[in-house]
Each structure stands twice: as C-alpha cells, then as structure tokens.
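Read through the structure below, which is laid out as structure tokens, and then see the notes.
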Amino acid sequence: MTFRYDFSAVVPDFPVARVAETIRDFKTYLGASGVPRKSLESSLLMASWNIQHFGGTGRSEEALWYIAEILSTFDIVAVQEVKRDLDDLEAVLKLMGPWWRYVVTDVTEGTDGNDERLAYVYDSRKVRFSGLAGELVIPPVELDDGTEQPPVQFDRTPFLAGFSAGWFNFQLATVHLAWATGDAEDPDRVREAEALAKFMRRRTLTDRGTWSRNTFLIGDFNFFNEHSRAYLALEDNGFTIPVGRAELTQTNAGTDARFYDQIAYLLADAHVAPAGLGVLDLFEVFYSDANFTRFYEADLTRADGTVPGNKRSYYRNHYRRKQLSDHFPIWIELPIDFGLPYLESQI
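Take the working numbering: the last position of the sequence shown gets the number 347, and nothing is skipped along the way.
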C-alpha cells in the first residue's frame with residue numbers, strides 16, 4: 001500500500017476520487033487473482049516487472065501512484081527499463097514509505113543498451129540486502145585446443161544481488177535480454193540466455209565463494225513461446241520455470257501472446273518450493289476499458305497536445321501503456337520460515 005494514502009500534497013487537479021476508487025478496486029482484484037496478503041515471517045512475495053521507459057518520459061502523478069501501489073504488493077521486485085533519470089523511481093518510493101529501498105545499476109550506454117538500468121526495489125522491514133551487488137561479466141570461453149576466446153558481452157549487463165528474508169538467503173540475477181531483430185529465435189538473445197544460464201549454474205553449484213546456492217534468474221527474457229531456444233537454455237542448465245512450458249502465462253499487453261517475463265530458479269534449499277505464482281493483468285483495473293468513457297475520453301490528448309482520431313484505440317494501445325507499462329508483473333510466493341524443519345532435524 002502507498003504510505004498512508006496521503007493526498008494532501010498532490011498536484012493541483014489531481015483526481016483524488018478516481019485514484020482512490022481505482023486503488024480500492026485493485027485490492028479487490030488482488031484477492032480474486034490469488035495474490036496472498038504479505039506476511040512478516042511465513043513467506044516471501046517476489047516479482048519482476050518491466051516498467052516501460054521508467055523515468056523522464058512524462059508519466060502523470062496519477063500513474064506514479066498506481067505504480068507505487070503495484071510494487072508495494074510484493075516484498076521484492078526486479079525492475080527493468082529504469083532510465084537514466086531516477087526522479088520517477090524516487091517519487092514512487094516516497095509514496096511507498098520510508099522502509100522501501102532500491103539498488104540500481106549504472107546506465108547501460110550504446111544503442112543496444114537503450115539508456116537503461118536494472119533495479120531491485122525491496123521492503124526493508126522484511127528483506128535484507130546482503131551487500132553483494134554487481135553486473136555480470138562473462139569470462140573468456142575455453143576452446144577445444146586449450147586457448148581462450150573473448151566472449152561477446154550482453155547488450156544490457158545482468159544485475160546480480162544477494163538478499164535474505166527469514167531463514168531464506170538467495171541471489172537474484174535480473175536481466176533484459178536482447179530484442180535485436182525481434183525474431184523469435186534471434187541469435188543474440190539465444191547466445192545471451194545460454195551464457196547467463198551456464199554462468200549462473202556454475203556460480204551456484206561449484207563456486208565456493210558464492211553468496212547463496214539459491215539462485216533466481218528473473219526479468220524480461222523476451223521469450224516468444226515455450227519452444228524458444230532461449231527458454232530451453234535455462235531448462236538445459238538446470239533452472240526450473242515454475243509455470244511449466246505447457247502453462248506459460250502471457251506477460252505482455254499486446255494482442256499476440258508473448259511470455260517475455262519469467263522467474264526461473266536453481267535451489268539448493270530443499271525446503272523451498274513455490275506456494276503460489278501468477279501474472280497480474282493490470283488493465284483489468286488500472287486504465288481499464290470500462291473506465292475509458294468514465295474518466296479519460298473527454299480530456300485525452302497525445303503528448304504534443306493534439307487529439308487522436310480514434311481516442312479509444314489510442315487509449316488502449318498507446319496512452320495506458322506509456323502511463324503504466326506494456327508488460328505485466330509476474331510473481332511467485334516462497335516459504336521463508338524453516339524453523340520447524342530445523343527443530344525436527346535436531347531431534
């Protein structure tokens with residue numbers, strides 16, 4: 001929940017009644033969608049969300065309130081497409097309350113980097129940052145003749161960080177894999193997925209200095225379907241995607257179903273198994289089709305002030321995606337209280 005829902009400091013003409021109604025309806029939607037209420041000790045709610053062009057792109061204050069409400073549903077969220085300008089991220093965390101923290105990478109330079117950062121946003125009342133944070137650089141590849149070949153690095157370097165909650169310590173590597181040609185089997189994306197999965201498998205299973213042997217690969221993988229070679233690269237290296245290949249859930253806002261966003265894990269801790277998971281279709285509540293005529297149609301304009309010829313189409317396919325995102329959050333619930341198994345092991 002946003003911090004005490006303090007509407008006293010909002011900008012003039014802020015639609016208080018509309019925002020209050022929408023947030024209330026979101027809480028009802030959460031209950032129906034299976035997202036559990038946050039608990040202090042029993043479980044961890046982990047999520048990933050690509051927030052389209054998050055920072056310096058003209059989002060309304062209304063949209064920032066909604067983003068704050070969505071993020072605060074969870075305990076820790078990996079966020080992709082955070083831009084160079086951090087003002088929106090800072091504004092959102094201020095709404096969420098003083099116990100919320102973030103860890104963020106530097107900006108990725110170059111055309112393919114798209115001026116993006118990767119970030120983790122977490123509730124410090126429950127989640128503790130380990131101090132481990134770094135961008136992953138793939139080591140040289142050893143060839144059959146014993147020589148080494150420099151690897152081709154990621155367009156947007158994956159971001160590794162360690163955390164703990166309750167009895168559970170874990171490391172996350174969040175990614176935004178290459179879009180490149182936009183092809184389902186783009187070779188750059190496949191190469192990145194293979195390199196990431198192999199590296200993190202080795203780091204998890206054999207590196208004596210690893211922070212944790214509970215590893216999550218989380219973020220925007222740009223998977224098109226369950227047969228993607230990039231997807232299979234994760235499975236082939238021992239990572240489990242809890243929503244299996246036959247049950248992948250659409251995480252994009254487009255008409256063509258895509259499975260871009262995923263959470264995959266390789267866990268050493270036998271006590272950990274997902275207790276729940278899912279994807280939140282945000283447009284069921286925020287900027288919904290039902291509310292187009294009620295709230296938005298009359299005053300809807302483009303960023304340059306012109307009126308779109310087809311307001312409903314512009315609202316559905318452009319406006320609400322730029323205000324919120326063209327991706328939906330994917331989440332997983334994990335147990336973090338292993339006190340009873342520990343006691344039983346001592347008997």
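Even glycine gets a Cβ: it sits at the ideal position worked out from N, Cα and C.
> For the alpha helix (DSSP H) that residue 349 lies in, which residues bound it at each end?
Replying inline: Residue 349 cannot be examined here, being either before or after the span of the chain that is shown, 1 to 347.
> Where does residue 171 sit, in a helix, a strand or coil, going by DSSP?
Replying inline: Numbered from its first residue, the sequence shown carries residue 171 at position 171. Here residue 171 sits in strand by DSSP.
> According to the Cβ coordinates, are residue 167 and residue 289 closer than 8 Å?
Replying inline: As a working note, residue 167 is residue 167 in the sequence shown. As a working note, residue 289 is residue 289 in the sequence shown. Remark: C-beta atoms of residue 167 and residue 289 do not approach each other more closely than 8 Å.
>> Let's see if you can read the secondary structure: which residues bound the beta strand (DSSP E) around residue 54?
In response: In the sequence shown, counting from the first residue as 1, residue 54 sits at position 54. Segment 43 to 54, the beta strand (DSSP E) holding residue 54.
> DSSP three-state call for residue 317: helix, strand or coil?
Replying inline: Start at 1 with the first residue of the sequence shown, and residue 317 comes out as number 317. Helix, per DSSP.
> So, are the CB atoms of residue 46 and residue 282 less than 8 Å apart?
Replying inline: As a first step, residue 46 must be located in the sequence shown, where it is residue number 46. As a first step, residue 282 must be located in the sequence shown, where it is residue number 282. In this structure, residue 282 does not lie closer than 8 Å to residue 46 by Cβ.
>> Relative to the C-alpha of residue 126, which candidate in 285, 213, 84 and 169 has its C-alpha closest?
In response: Here residue 126 refers to the residue found at position 126 of the sequence shown. Of the listed residues, the one whose Cα sits closest to residue 126 is 169.
> Where residue 140 and residue 148 are concerned, what is the direct C-alpha to C-alpha distance, given to the nearest angstrom?
Replying inline: Mapped onto the sequence shown, residue 140 falls at position 140. Mapped onto the sequence shown, residue 148 falls at position 148. Distance between the alpha carbons of residue 140 and residue 148 is about 6 Å.
> Going by alpha carbons, who is nearest to residue 293 out of 330, 231 and 313?
Replying inline: Here residue 293 is taken as the residue at index 293 of the sequence shown, counted from 1. Cα-wise, what sits closest to residue 293 is 313.
> Rounded to whole angstroms, how far is the Cβ of residue 157 from the Cβ of residue 132, which I believe are closer than 8 Å?
Replying inline: If you number the sequence shown from 1, residue 157 lands on position 157. If you number the sequence shown from 1, residue 132 lands on position 132. Their Cβ separation, rounded to whole angstroms, is 16 Å, which puts residue 157 and residue 132 out of contact at 8 Å.
>> For residue 217 and residue 239, which I take to be in contact (beta-carbon distance under 8 Å), what is that distance rounded to the nearest angstrom?
In response: Translated into the one-based positions of the sequence shown, residue 217 becomes position 217. Translated into the one-based positions of the sequence shown, residue 239 becomes position 239. That pair is a contact at about 6 Å.
> So residue 300 and residue 319 are in contact, right, with Cβ under 8 Å, and what is the actual spacing, rounded?
Replying inline: As a first step, residue 300 is located in the sequence shown; it is residue number 300 there, counting from the start. As a first step, residue 319 is located in the sequence shown; it is residue number 319 there, counting from the start. Your pair residue 300 and residue 319 checks out as a contact, with CB atoms roughly 7 Å apart and the cut at 8 Å.
> Three or more beta-carbon pairs under 8 Å between the region 79 to 91 and the region 49 to 61, yes or no?
Replying inline: In short, these stretches touch, since the Cβ pair count reaches three.
> What does residue 252 pair with, by DSSP beta-bridge criteria?
Replying inline: By one-based count along the sequence shown, residue 252 stands at place 252. As DSSP reads the structure, residue 252 sits in a beta bridge with 327.
> Just how far apart, CA to CA, sit residue 349 and residue 342?
Replying inline: A question about residue 349 goes unanswered here, because the residues of the chain that appear run from 1 up to 347.
> Looking at C-beta atoms only, is the number of pairs between the region 76 to 89 and the region 296 to 311 that lie closer than 8 Å three or more?
Replying inline: As far as the Cβ criterion goes, the region 76 to 89 does not touch the region 296 to 311, which means the pair count is below three.
> Can you name, in chain order, every residue of its own chain whose Cβ lies under 7 Å from the Cβ of residue 345, other than the five neighbours on each side?
Replying inline: Looking up residue 345 in the sequence shown gives position 345. The answer is none, since no qualifying residue turns up.
> Secondary structure at residue 137, three-state DSSP: helix, strand or coil?
Replying inline: The residue given as residue 137 occupies position 137 in the sequence shown. Coil, per DSSP.
>> DSSP three-state label for residue 70, please.
In response: For this step, residue 70 is matched to residue 70 along the sequence shown. Secondary structure of residue 70 (DSSP, three-state): helix.
> Are the beta-carbon atoms belonging to residue 50 and residue 220 less than 8 Å from one another?
Replying inline: Position 50 of the sequence shown, counted from the start, is the residue given in the question as residue 50. Position 220 of the sequence shown, counted from the start, is the residue given in the question as residue 220. In terms of Cβ geometry, residue 50 and residue 220 form a close pair [threshold 8 Å].
> Is the Cβ-Cβ distance between residue 48 and residue 326 less than 8 Å?
Replying inline: Position 48 of the sequence shown, counted from the first residue, corresponds to residue 48. Position 326 of the sequence shown, counted from the first residue, corresponds to residue 326. In this structure, residue 326 does not lie closer than 8 Å to residue 48 by Cβ.
> Taking one C-beta from the region 189 to 196 and one from the region 221 to 234 each time, how about it: are there three or more such pairs within less than 8 Å?
Replying inline: Yes, the region 189 to 196 is in contact with the region 221 to 234.
> Under a three-way DSSP split, which group does residue 88 fall into?
Replying inline: In the sequence shown, residue 88 corresponds to position 88, counting from 1. DSSP places residue 88 in helix when its eight states are reduced to three.
>> As an exercise, report each continuous beta strand (DSSP E) stretch of at least 3 residues that is fully enclosed by the region 87 to 124, in chain order.
In response: Complete beta strand (DSSP E) runs here, min 3: 100 to 104 and 116 to 123.
>> Give me the residue from 145, 52 and 69 with the minimum Cα distance to residue 322.
In response: Within the sequence shown, residue 322 is the residue found at index 322, counting from 1. Minimum Cα distance to residue 322 is reached at 52.
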